[in-house]
Amino acid sequence: MHHGPLIAIIVAGLGLAFIFGAIAQKLRISPLVGYLLAGVAAGPFTPGFVGDQNLANELAEIGVILLMFGVGLHFSLKELLSVKAIAVPGAIVQIAVATGLGLGLALLLGWSWIAGIVFGLALSVASTVVLLRALQERRLVQTDKGKIAVGWLIVEDLAMVLALVAIPAVASAISGGQPGAASPLAAQFDLGLWGVLGITVAKVAAFIAFMLIVGRRIIPWALHWVAHTGSRELFRLAVLAVALGVAFLSAALFGVSFALGAFFAGMILSESPLSQRAAEETLPLRDAFAVLFFVSVGMLFDPGILVRAPGALIGTLAIILIGKSVAAWLIVRAFGRSNTVALTISASLAQIGEFSFILAGLGVSLGILPAQGRDLILAGAILSILFNPVMFALAERLKPADAAATRSKPERAATVEAPAAAPVATEAAAPPHGEPERDIQATTLSNHIVVVGYGRVGSLLGAGLLAQGAKLLVIEDNPEAVETAKRDGAELLIGNAADPEVLAAAAVGRATRLFVAIPGSFEAGQVCEQARAENPALPIVARAHSDAEVEHLSRCGATLTIMGEAEIARAMLSLCGGLGARPQPEAGGEPAKAPEPQSGPGPSTQTADETQPRTQPPPAADTPTAA
Numbered sequence: 000m001h002h003g004p005l006i007a008i009i010v011a012g013l014g015l016a017f018i019f020g021a022i023a024q025k026l027r028i029s030p031l032v033g034y035l036l037a038g039v040a041a042g043p044f045t046p047g048f049v050g051d052q053n054l055a056n057e058l059a060e061i062g063v064i065l066l067m068f069g070v071g072l073h074f075s076l077k078e079l080l081s082v083k084a085i086a087v088p089g090a091i092v093q094i095a096v097a098t099g100l101g102l103g104l105a106l107l108l109g110w111s112w113i114a115g116i117v118f119g120l121a122l123s124v125a126s127t128v129v130l131l132r133a134l135q136e137r138r139l140v141q142t143d144k145g146k147i148a149v150g151w152l153i154v155e156d157l158a159m160v161l162a163l164v165a166i167p168a169v170a171s172a173i174s175g176g177q178p179g180a181a182s183p184l185a186a187q188f189d190l191g192l193w194g195v196l197g198i199t200v201a202k203v204a205a206f207i208a209f210m211l212i213v214g215r216r217i218i219p220w221a222l223h224w225v226a227h228t229g230s231r232e233l234f235r236l237a238v239l240a241v242a243l244g245v246a247f248l249s250a251a252l253f254g255v256s257f258a259l260g261a262f263f264a265g266m267i268l269s270e271s272p273l274s275q276r277a278a279e280e281t282l283p284l285r286d287a288f289a290v291l292f293f294v295s296v297g298m299l300f301d302p303g304i305l306v307r308a309p310g311a312l313i314g315t316l317a318i319i320l321i322g323k324s325v326a327a328w329l330i331v332r333a334f335g336r337s338n339t340v341a342l343t344i345s346a347s348l349a350q351i352g353e354f355s356f357i358l359a360g361l362g363v364s365l366g367i368l369p370a371q372g373r374d375l376i377l378a379g380a381i382l383s384i385l386f387n388p389v390m391f392a393l394a395e396r397l398k399p400a401d402a403a404a405t406r407s408k409p410e411r412a413a414t415v416e417a418p419a420a421a422p423v424a425t426e427a428a429a430p431p432h433g434e435p436e437r438d439i440q441a442t443t444l445s446n447h448i449v450v451v452g453y454g455r456v457g458s459l460l461g462a463g464l465l466a467q468g469a470k471l472l473v474i475e476d477n478p479e480a481v482e483t484a485k486r487d488g489a490e491l492l493i494g495n496a497a498d499p500e501v502l503a504a505a506a507v508g509r510a511t512r513l514f515v516a517i518p519g520s521f522e523a524g525q526v527c528e529q530a531r532a533e534n535p536a537l538p539i540v541a542r543a544h545s546d547a548e549v550e551h552l553s554r555c556g557a558t559l560t561i562m563g564e565a566e567i568a569r570a571m572l573s574l575c576g577g578l579g580a581r582p583q584p585e586a587g588g589e590p591a592k593a594p595e596p597q598s599g600p601g602p603s604t605q606t607a608d609e610t611q612p613r614t615q616p617p618p619a620a621d622t623p624t625a626a
């Protein structure tokens, strides 16, 4: 049996990524480091297996497309426009600063000014995959600072699209050719360099207009039609076809990047009720191909650059990690945003990625960037991605001063009520108060109940507890869930419960019970471990979706885990137990929700049953030993 290079790179890439990622996880460092090292092991600069670099890059591009599509699903056009006041000028100024610093370093190395500009541009644009992965791990994508970072990234992508068209035209002019040779249309009408730029801007504008006018009607309609067929396989295929098809056509017809096309496709679909389901269907492929992206980056890394040009490499890293970060921090602060927001934005952008590789390859192929420049860009990308978790950790270290300023506010409600979705039309005039989407002021409650997560499960649970007069504290960072908790009248702590600072502010040491209602078992396990360490006697109730999750949460300290499927089956059996009689609620303070037998077990009944706390433990299959 024979295998081709495609199968070889997929198997080797995913296999090595798993091995090195597991080792990195065991050493308590970011799995991204393991994925990059897997790429180095599969690259041409190390002995052993050498993967096909071109195939790896194409597979990685699929990951970028699916990732940007997923971000677009959670990022509406309204939200994108809401951050334009800071994202557009911020990105432009930061690109200018980074390009200037790169040009200065290039001139010191004896390169030409055009090589310096290409080098600086490559250092100015952040990696889509790295930034989004970092924001998703910290549950920051839908927060105010997450929206600013994503909007900033979109502006950078648009600028790089213009650069990719302008650079060949400039290179042609420098070499004595026709400036418009890079664009057939511009060459035909002898439009010159400015004509090339004008045509590019027109293409991007045409693409955006097409998506907003035509795509807004066709894409949701097509997916709604597929959803009504009742075929999950067909729906999953339709979602992938939309994401990949729009990305490809946007690049082929309008000359914009795959990532930008996929982002707009997802953003258009986000207005549809099917957006959540579409996100779930693309998640497995998105994660797999995102891993292949990091492997492909690692394959480009030549460790020899560390010895050949250490000074130039240090200068390159300084521009990426320090120059860009300081510029972003100053820009965000200049717009009146809090120190916490500025630190998060600067840490998010302190790396480079896929667009940098494209620019480096283009510069070398046109003969305007020396090969050393490409090696420095690749090495800088690898090392900046490796150091990116360190930058976030450093940003977290610098946040307490800002948090102290937040605590000094006379009224806690002023901080809590500052919504993440506040009108950003007045961003520039906003006072530099504490971070609007996160309140880490310690609660004064005692003998209270803490609920982590206020989604479908947590909101039903919280509403029932509040109806019983319980003192309730909710930890949540999703803007929609935050608004729901505010309407219900719960006290709010806005942030990620897996953050020790946030969980400590919830005063779990004085709490009577903790409900972990978030669906992610790994994050829920972190919450359980930290809460158990702070209060060994605290009853902790968590939700699970499988026996493996039950076992995991039990090891992490959960007193009781409730598996939703088992509770739904229990409710269905109770409907049949009395020959059609109405089931009685169990002891334990269940919110009144027993359904009428004739109405059938609707979705709300199922979800409510999934969330209800019980004094009687579930069957042995669902109940771990109390911690």
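Note that numbering that gives the first Met the number 0 gives residue 573 to position 574 of the sequence shown, counting from 1, and the numbers run on in steps of one. C-beta: ideal position from N, C-alpha, C; glycine also.
At the C-beta level, F292 and L377 stay beyond 8 Å of one another. Residue pairing by DSSP places I448 opposite L471, R512 in a beta bridge.
If you look at V331, you'll find it isn't in any beta strand (DSSP E); it sits in the alpha helix (DSSP H) that goes 323-333. Here H544 is exposed. Its C-beta has fewer than 16 other C-beta atoms within 10 Å. DSSP lists no bridge partner for V363.
By the beta-carbon neighbour count (other beta carbons within 10 angstroms, threshold 16), A532 is exposed. Of the residues assessed, T228 falls on the exposed side of the cut-off, its CB having fewer than 16 other CB atoms within 10 angstroms.
Residue pairing by DSSP places I493 opposite E475 in a beta bridge. Excluding five sequence positions before and after A40, the CB atoms of its chain that fall closer than 6 Å to its own CB belong to L15, given in chain order. Note on T339: 16 or more other CB atoms within 10 angstroms of its CB, so buried under the neighbour-count rule. Distance between V200 and I344, taken at the CA atoms: about 27 Å.
Secondary-structure assignment with DSSP links V540 through a beta bridge to F514, L559. At a cut-off of 4 residues, the continuous stretches assigned as alpha helix (DSSP H) that sit fully inside the region 23-62 are 30-41. Taking P167 as reference, the option from G366, A86, K146, F206 with the minimal CA-CA separation is G366. Cβ-Cβ separation between G265 and A246: approximately 10 Å, too far for a contact (criterion under 8 Å). With a contact defined as Cβ atoms closer than 8 Å, I381 and L100 miss out at about 19 Å.
Three or more Cβ pairs closer than 8 Å define a contact, and the region 349-362 meets that threshold against the region 117-132.
Taking C-beta separations shorter than 6 Å and ignoring five residues to either side along the sequence, the partners of V255 in its chain run V160, V203, F206, S249, following chain order.
For W110, there is no enclosing alpha helix (DSSP H), as DSSP gives it neither H nor E. Secondary structure of T443 (DSSP, three-state): coil. Rounded to the nearest whole angstrom, the C-alpha separation of P518 and L139 is 17 Å. Counting every other CB atom within 10 Å of its CB across the protein chains shown gives E232 a total below 16, marking it as exposed. M390: member of the alpha helix (DSSP H) spanning 370-396, first to last residue. Proximity to V117 across G47, V363, S337 peaks at V363, based on C-alpha coordinates.
Between R132 and A277, the C-beta gap is not smaller than 8 Å, which leaves the two residues out of contact. Between G379 and L305, the gap from beta carbon to beta carbon reaches 8 Å or more. In the pairwise beta carbon analysis, the region 1-13 is classified as touching the region 48-57: at least three pairs are separated by under 8 Å.
Going by beta carbons, L492 and A504 fall inside the 8 Å limit. Counting C-beta atoms within 10 angstroms of its own C-beta, V449 has 16 or more neighbours from the protein chains shown and is therefore classed as buried. Shortest Cα-Cα distance from A242 to any of K77, V515, I64 involves I64. Residue E522 holds the alpha-carbon nearest to the alpha-carbon of L552 among P535, E522, R569.
Contact between A158 and I94 holds, since their C-beta atoms are separated by about 6 Å, short of 8 Å. Ranked by Cα distance from P219, the options A208, L72, A547 are led by L72. By the neighbour-count definition (other C-beta atoms within 10 Å, threshold 16), C575 is an exposed residue. Listed in chain order, the alpha helix (DSSP H) elements of length 4 or more contained wholly in the region 214-279 are 215-226, 231-253, 257-268.
In the displayed model, D498 falls within coil according to three-state DSSP, outside both helix and strand.
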